[in-house]
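S.K.: Sharing a structure with you now.
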Amino acid sequence: MRIRVGWQRGLIELRQSFTNPAELLSHFLWPILMLVALFFLRNRDFGSTGFQLGALALPSILGMNAAMGMVSISQLLTADRADGTLLRAKAIPNGLVGYVVGKVVSVGGGLIADLAILLIPALFLVDGISLGSAHWLTLGWVLLLGLVATLPIGAVLGSVFTTARSQGLIQLPMLGLIAISGIFYPITALPSWLEWIGQVTPIYWMGLGMRSALLPSPAVEVDGSWRHLETAAVLGVWAVAGLLLAPVVLRRMARRESGSKVAERREQALRRVA
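When we follow full-length UniProt numbering, the leftmost residue of the sequence shown carries the number 1, and every step to the right adds one.
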């Protein structure tokens, strides 16, 4: 029952995001900017590998966008905590579970739509991309497992950071991780110590999984292999850790919420505006 209510709530929020002009713009702005970047990279070769930078960058950008879902859900959770939405969900029996399910559905659905907005025109823009039936299957399991690995971590971060202003503490490290995760340049071109750090993050493995679905050869990858087993294992570990940790952190955060704390945060926000 609670999961069904959360599912329905998530679908309503997802539909609203595509009918609200501001949110609709956000769905298209980032894919359009990435398509512009791919346009300028499409004919630039990466050394003597035979790959073009556009073909290398496209699947990595897809993986990066999917991983950024943890930032999105963290921001939403922080905003709902500040305005009392989370407190109202807590007051309903099993309301917190339905709330979390709804956010996962709305954020995950929005991410999949954003990836489609980017991928479909990019297939006509960038050469060297292949998508047969097996490739679509790989793309699907990497994306779904990657979302399960990252969205719970985003919920944990949203529980830890209590104000919207503190979200910069999440975004700046995230941008740093993206920079060393082989998104815009093969990770094998980085110093070895950065290469090892990048491979700890789910961002790298989502990018690698996306590249394995879209590129014909792993010539520029670590060990010259797509490492599907390692991809599933690392993303699986992140998924299990997030699914075990998120409910505990969310319950502890919900127990500390009260009407007086919501009012206090609202007064602080009004003072900053004034």
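For glycine and all other residues, C-beta sits at the position ideal for the given N, C-alpha and C.
(1) Taking the straight line between their C-alpha atoms, what separation do you get for D45 and T150?
(2) According to DSSP, is D80 part of a helix, a strand, or is it coil?
(3) Provide the residue span of the alpha helix (DSSP H) that contains Y204, from first to last.
(4) Establish whether the CB of L139 and some CB of chain B are separated by less than 8 Å.
(5) Please go through the same chain and pick out, in chain order, the residues whose beta-carbon is closer than 7 Å to the beta-carbon of A239, but skip the five residues on each side of it.
(6) So the candidates are S133, R252, D127, G176; which of them puts its Cα closest to the Cα of G158?
(7) Pick out whichever of V104, V248, V220, Q171 has its Cα sitting closest to the Cα of A189.
(8) Give me the Cα-Cα distance between I203 and A91, rounded to the nearest whole angstrom.
(9) What is the DSSP secondary structure of D45, counted as helix, strand or coil?
(10) Could you name the residues that DSSP lists as bridge partners for Q52?
(11) The alpha helix (DSSP H) that contains residue 283, what's its start and end?
(12) Do you know whose CA, among L123, L96, R9, lies nearest L38's CA?
(13) DSSP three-state label for V160, please.
(14) Tell me, to the nearest whole angstrom, how far the beta carbon of A66 is from that of L139; I am working on the premise that it is less than 8 Å.
(15) Thinking just about the alpha-carbon of each residue, which of G63, S74, D83 is nearest to the one in S212?
(16) What does a CB cutoff of less than 8 Å around I112 pick up in its chain, not counting 5 residues either side in sequence?
(17) Where does residue 276 fall in DSSP's three states?
M.R.: Per the coordinate set shown:
(1) 32 Å
(2) helix
(3) 202-214
(4) No chain B is part of this structure, which consists of one protein chain only.
(5) L145, V148, A149
(6) R252
(7) V220
(8) 36 Å
(9) strand
(10) D45
(11) Here the chain covers residues 1 to 274 and nothing more, so residue 283 does not appear.
(12) L123
(13) helix
(14) Not confirmed; about 11 Å, so no contact.
(15) G63
(16) L143
(17) Past the boundaries of the shown model lies residue 276; the chain is included only from 1 to 274, so the question cannot be answered.
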